[in-house]
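Using the UniProt record's numbering, read the sequence shown as starting at 1 and increasing by one per residue.
All C-beta atoms, glycine included, are put in the ideal place defined by N, C-alpha and C.
Quick caveat: nothing in here was measured; it's all calculated off a predicted structure.
Worksheet: the structure to be examined is printed underneath.
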Amino acid sequence: MAIEITSIVSKLSMLSTSDHASVVSMNLFVALLCACIVLGHLLEENRWMNESITALLIGICTGVVILLFSGGKSSHILVFSEDLFFIYLLPPIIFNAGFQVKKKQFFVNFMTITSFGAIGTLISCVIITTGATFAFKRMDIGTLEIGDYLAIGAIFAATDSVCTLQVLNQDETPLLYSLVFGEGVVNDATSVVLFNAIQSFDLNQLNPSIALHFLGNFLYLFVASTLLGVVTGLLSAYVIKKLYIGRHSTDREVALMMLMAYLSYMLAELSYLSGILTVFFCGIVMSHYTWHNVTQSSRITTKHSFATLSFVAEIFIFLYVGMDALDIEKWKFVSDSPGTSIAASSVLLGLILLGRAAFVFPLSFLSNLTKKSQHQKISFRQQVIIWWAGLMRGAVSMALAYNQFTMSGHTQLRSNAIMITSTITVVLFSTVVFGLLTKPLIRLLLPHPKITSSMTTTESTTPKSFIVPLLGDSRDSEADLEGHEIHRPNSLRALLSTPTHTVHRLWRKFDDSFMRPVFGGRGFVPVEPGSPSERNGNQWG
Numbered sequence: 001m002a003i004e005i006t007s008i009v010s011k012l013s014m015l016s017t018s019d020h021a022s023v024v025s026m027n028l029f030v031a032l033l034c035a036c037i038v039l040g041h042l043l044e045e046n047r048w049m050n051e052s053i054t055a056l057l058i059g060i061c062t063g064v065v066i067l068l069f070s071g072g073k074s075s076h077i078l079v080f081s082e083d084l085f086f087i088y089l090l091p092p093i094i095f096n097a098g099f100q101v102k103k104k105q106f107f108v109n110f111m112t113i114t115s116f117g118a119i120g121t122l123i124s125c126v127i128i129t130t131g132a133t134f135a136f137k138r139m140d141i142g143t144l145e146i147g148d149y150l151a152i153g154a155i156f157a158a159t160d161s162v163c164t165l166q167v168l169n170q171d172e173t174p175l176l177y178s179l180v181f182g183e184g185v186v187n188d189a190t191s192v193v194l195f196n197a198i199q200s201f202d203l204n205q206l207n208p209s210i211a212l213h214f215l216g217n218f219l220y221l222f223v224a225s226t227l228l229g230v231v232t233g234l235l236s237a238y239v240i241k242k243l244y245i246g247r248h249s250t251d252r253e254v255a256l257m258m259l260m261a262y263l264s265y266m267l268a269e270l271s272y273l274s275g276i277l278t279v280f281f282c283g284i285v286m287s288h289y290t291w292h293n294v295t296q297s298s299r300i301t302t303k304h305s306f307a308t309l310s311f312v313a314e315i316f317i318f319l320y321v322g323m324d325a326l327d328i329e330k331w332k333f334v335s336d337s338p339g340t341s342i343a344a345s346s347v348l349l350g351l352i353l354l355g356r357a358a359f360v361f362p363l364s365f366l367s368n369l370t371k372k373s374q375h376q377k378i379s380f381r382q383q384v385i386i387w388w389a390g391l392m393r394g395a396v397s398m399a400l401a402y403n404q405f406t407m408s409g410h411t412q413l414r415s416n417a418i419m420i421t422s423t424i425t426v427v428l429f430s431t432v433v434f435g436l437l438t439k440p441l442i443r444l445l446l447p448h449p450k451i452t453s454s455m456t457t458t459e460s461t462t463p464k465s466f467i468v469p470l471l472g473d474s475r476d477s478e479a480d481l482e483g484h485e486i487h488r489p490n491s492l493r494a495l496l497s498t499p500t501h502t503v504h505r506l507w508r509k510f511d512d513s514f515m516r517p518v519f520g521g522r523g524f525v526p527v528e529p530g531s532p533s534e535r536n537g538n539q540w541g
């Protein structure tokens, strides 16, 4: 009996020690997040630095300190988990991207964005896979199967354009910003869908039927994920409009918007769809309908809450990537042959540069052929910036690499360890080196637009960005259209020559006649007097 009591006390003591260690780790991590925010503010006007690079460097320095204090046993205070990344950190980033985006520019350039994000990612994946297969088989890396090489293509086709977006201003360079931003979201979704499809198919027997099945599965995931996001966003708009929750509690309608947004992502993951695409389009629909059905105070709260959650999640990711870069367990496998790891990283960087150029310039040329107006065409300088923006790799590549080449965060095979260390090297080099050169490059190529940072961009996204129609012309809102007649095309040739204006007119007619009476939104006057939608309609009508 005494032995059992002693055993129970010992277990409780171990649990208490473990809980205390977790509390210490979280305190230190939160303190580091605060340090990143403060340093990011102090370096706001720096020619080279931005918040992403600041967080990454702080993570590396912290990893060095922890490595020294632990006697070379560990370099991080939290264990990296792809589940943590995909379930908790990525959704607020992607949702806020859809919620804050200028919908007019995004949908006007939708075909170009889709070609860059989907077709371009496929081209990049093929080039990286082919190049890695030929190069790594001639290097002493270890055993890699065909599924591993295809996974490598999907992993390194995933871009991270955060550094570029922190410099660009969507008010000063709307075309360029929408292309870089939109391509980044579609690219992430395409890379994750490709990666999941590669893991789910039997790649030992490749034939045309499997290729067609793969393409059909990809298109199904793309369309179904988009529709799920739209339906969830419309459901939130309908519920909030009908119940008018804000008359009793603004906290409830804010909480409902947040939970419905997160629910869309989890439903997509539960249905084996792309949560990235789902939550992105849910954000777009919510900003077009749901946001206008809540009270004025809730609009301000949601706008800044979503932006803050996204900002903290981004800093969290870069901070951890910096600390995990020095994980001793992964590097000890390649300590006997560091040249192999460096060579593999160099090959992957070269393939990223080549794969990026292989689709940006040709697809930009094809896109320019369809545009008649000169200001709608992508200039060569803008093409260079788009190419540069996609050279950086970030947390999506890290998470996919961990998923493919580790088991619960641990590496057992030398070939897998080399791929993990190579991924870390590529992420660090591309983010720090390419990221440091982003501001000077954009100032060189685009000297006139004002350079801004992520904080400035967030603040400049005024509620006016939420009142633009889903498709629009060069004006920002319906209020700007007063006194300007939208001419209807009187022939098929005129219809084809001005497709954007035609689609815009048809969408506006459909939206005003069918969607807004049901789901609310800007300009709709509800039956209930005194509701926020009515006041909003009187204000903007």
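Please state if the CB of A307 and the CB of N46 are separated by a distance shorter than 7 Å.
no
Assuming L56 contacts F318 (C-beta within less than 8 Å), just tell me the rounded distance between them.
5 Å
According to DSSP, simplified to helix, strand and coil, what is L326?
coil
Proximity below 7 Å, CB of S422 to CB of L354:
no
Classify P469 as helix, strand or coil using the three-state DSSP reduction.
Note on P469: pLDDT 46, under 50, position unreliable in the model; the coordinate value appears next. Coil.
Inspect the beta-carbon positions of A268 and L228 and report whether they are closer than 7 Å.
yes
How big is the Cα-Cα spacing for V30 and I58?
13 Å
Could you work out which residue in S337, F519 and L179 is closest to M286 when comparing CA atoms only?
F519
Pick out whichever of K103, A261 and C61 has its Cα sitting closest to the Cα of H288.
K103
Could you have a look at S178 and say whether DSSP puts it in helix, strand or coil?
helix
Does the beta-carbon distance from T425 to D140 come in below 7 Å?
no
Count Cβ pairs between the segment 374-390 and the segment 292-299 that sit closer than 8 Å; are there 3 or more?
no
Helix, strand or coil for S305 per DSSP?
helix
Residues of its chain near L15, where Cβ-Cβ distance is below 6 Å and the 5 sequence neighbours each way are ignored:
Low per-residue confidence applies at L15: pLDDT is 47, beneath 50, and the placement is therefore not dependable enough to give any value.
Since I believe L176 is in contact with L168 (beta carbons under 8 Å), could you give me their beta-carbon distance rounded to a whole number of angstroms?
6 Å
Near G414, what residues of its chain come up, given a Cβ to Cβ distance below 6 Å and the 5 sequence neighbours on each side ignored?
Before going further, note that residue 414 is Arg rather than Gly in the sequence given. So the list reads G142 and F333, once near-sequence residues are dropped.
Which residue spans inside the segment 325-403 form an unbroken alpha helix (DSSP H) run of at least 4?
328-331, 338-369 and 380-389
Nonlocal neighbours in the same chain, by C-beta distance under 7 Å from M180, ignoring five residues either side
Sequence inspection shows Val at residue 180; the Met mentioned does not correspond to that position. Only S161, T164, L165, L168, I386 and A389 meet the Cβ criterion.
Inter-residue Cα distance where the pair is G184 and L437
19 Å
If you follow the alpha helix (DSSP H) that D251 is in, where does it begin and where does it stop?
T250 to L270
Secondary structure at D171, three-state DSSP: helix, strand or coil?
coil
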